[in-house]
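Data block below; observations after.
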Amino acid sequence: MSKFKFKKNAKTPEVSTASLPDIVFMLLFFFMTVTVMKDDTLKVANELPNASEIKKLEKKDRVITVYVGKPEQPFDVALGTEPKIQVNDRFVSLENFGLIILEEINKKPEHLRSFITVSLKVDKKATMGLISDVKQKLREINALKINYTTYEGDAFQNIIK
Amino acid sequence: MARRGGAPEVSAGSMADIAFLLLIFFLVTTTIETDAGLDRMLPPMEPPEDEVIIKEKNIFQVLINKDGRLLADDNVLALKDLRAKAMEFLDNNGDSSCTFCKGKKNPESSDNPTKAIISLKSDRETKYGIYITVQNELVGAYNELRDRESMRLYKRTFVDLESTYLDPQTKESLGETEYDELKEKVLRIKALFPQKLSEAETSSSN
């Protein structure tokens, strides 16, 4: 009698899929933690320029984002194709811009207010006229720390022929 | 007759499906945010009380016209040469007071890095993309010079030094004293080549 009986009708054993949910959950948690939901719906064209000498914007809680670019459809019918400013979810006129930013600063907790950075996300086809008006307004309300938010890349790609 | 052998087990077979569904949702919606850019400080509104007189030679004036062409100190300059030109200006060391500079000591150019100012002016019609390219090159000029000094003093590039310093996790991973040391290094390099980049208001084109 042999101890090692050769099974004649042995099939290849099935791979256990019991740990599949664990693996999937692991991936799920990874993506859940790294996901940052977009908090603004963009209403302006926003193709950022490239730059190589960039610094990361740490600490999201002290950043106010300002978008500038030409209005996307369907807003371009009413607003035209000149670049416009968007803060949060609405268009802001240049006259009100200072007030709106002050309001945004006041929404932040008091101990952060002096460390506010204004992140300017400007479409690379926008013209400097509006940007310098925006900068002037920011100077008026003493929000001096700004960041020209860009993509990382070769800065010479910005030159459009 | 009803079964009495405890509650029946819930089938966990569909758990994987549910998890996959969620996974795919998050995979699709994820945009790993890359918020980075060029940090700038705007000049305060009220001018300083004592008017400082700055010598003409200590200012490196960069003008961008509406077509994106550059005029640097009254000479037409290609964009790709801007960085080298700016570095030459900053590193010039006209009055020989800067011990670490390697410039040409041209008396017509800047006295020393602490006095050198780069002034950037653009037209209202200038494209933002070009403006950023110019800014990037000017910041790059400062960074290259700072890197050079940082390599000489601490055997690390300034960019590396500063990004470790700004990383919020560094404070915990390093000790209090080491963190202060790092801060001191960063400030020292910054003081060697202070970033004096003035952004004047844009002029209209006519």
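These protein sequence lines are chains A and B, in that order.
Letter by letter, the first sequence follows residues 215 to 375 in the numbering used here.
Letter by letter, the second sequence follows residues 110 to 315 in the numbering used here.
No residue lacks a Cβ here, since even glycine has one placed at the ideal position from N, Cα and C.
Please read these numbers as outputs of a predicted model, since none were measured by experiment.
Listed in chain order, the non-local C-beta contacts of B:E271 below 7 Å within the same chain comprise V295, local neighbours out to five positions each way being set aside. For B:S307, the pairing in a beta bridge is given by DSSP as B:S228.
Counting only runs of 3+ residues, the beta strand (DSSP E) found wholly inside the region 217–291 of chain B occupies 226–231, in chain order.
Around A:R353, the beta-carbon contacts reaching into chain B at under 9 Å are L151, P152, P153 and M154. The beta strand (DSSP E) runs of length 3 or more contained entirely in the region 221–283 of chain A are, from start to end of the chain, 277–283. Interface annotation, A:N361: in contact with chain B, CB-CB separation under 7 Å.
Between the alpha carbons of A:L234 and B:A125 lies a gap of roughly 7 Å.
Residues of chain A whose Cβ lies closer than 7 Å to the Cβ of B:A181 do not exist; the shortest such Cβ separation is about 17 Å. Per DSSP, A:N320 has no beta bridge partner at all. A:L358 and B:L151 do touch by the CB rule: their CB atoms are close to 4 Å apart, below 8 Å.
The Cβ atoms of A:L344 and A:P285 do not sit closer than 7 Å to each other. Secondary structure at B:E165: helix, using DSSP grouped into helix, strand and coil. In summary, no residue of the region 196–226 of chain B has a CB separated from any CB of chain A by less than 8 Å.
The C-beta of A:M342 has 16 or more other C-beta atoms within 10 Å across all chains shown, which makes the residue buried. About 19 Å separates the CB atoms of B:K305 and B:A193; that is not less than 8 Å, and the two are not in contact. Rounded to whole angstroms, the gap between the alpha carbons of B:Q244 and B:L132 is 41 Å. Inter-residue distance for B:Y263 and B:K175 is about 43 Å (C-alpha atoms, whole angstroms).
The CB of B:R233 comes closer than 8 Å to the CB of T341, M342, G343 and S346 in chain A, given here in chain order.
DSSP, read as helix, strand or coil, puts A:F370 in helix.
A:G283 is a Cβ neighbour of A:A340, given a cutoff of 7 Å. Residues of chain A with a Cβ closer than 9 Å to the Cβ of B:N174 do not exist; the shortest Cβ-Cβ separation is about 11 Å. Between A:V258 and A:Q300, the gap from beta carbon to beta carbon is short of 7 Å.
The C-beta distance from B:A145 to A:I268 rounds to 4 Å, short enough to meet the 8 Å contact threshold.
Proximity of B:T242 to chain A, defined by a Cβ-Cβ separation below 7 Å, is satisfied. Residue contact check for A:E267 against chain B: a CB pair falls below 7 Å.
Judged by DSSP in its simplified three-state form, B:V119 adopts coil rather than helix or strand.
Under a 10 Å Cβ-count criterion, B:I163 is classified as exposed, with fewer than 16 other Cβ atoms of the shown protein chains found around its own Cβ. Beyond the five residues adjoining it in sequence on each side, B:G212 comes within less than 7 Å, by CB distance, of E197, D200, N201 and N202 in the same chain, given in chain order.
Of all residues in the region 295–306 of chain A, none is placed with a Cβ closer than 7 Å to any Cβ belonging to chain B. B:P222 is classed as buried because its beta carbon has at least 16 other beta carbons within 10 Å across all chains shown. The CB of B:L132 comes closer than 7 Å to the CB of V238, L241, L242 and F245 in chain A, given here in chain order. Residue state for B:T138 is assigned as helix, using DSSP reduced to three classes. Residues of chain B with a Cβ closer than 8 Å to the Cβ of A:L234 are, in chain order, A125. In this structure A:P227 is exposed. Its beta-carbon is surrounded by fewer than 16 other beta-carbon atoms within 10 angstroms. In the DSSP assignment, B:D148 falls outside any alpha helix (DSSP H) and within the unbroken beta strand (DSSP E) covering A145 to M150. If you draw a straight line from the Cα of A:I314 to the Cα of B:L130, it is about 40 Å long.
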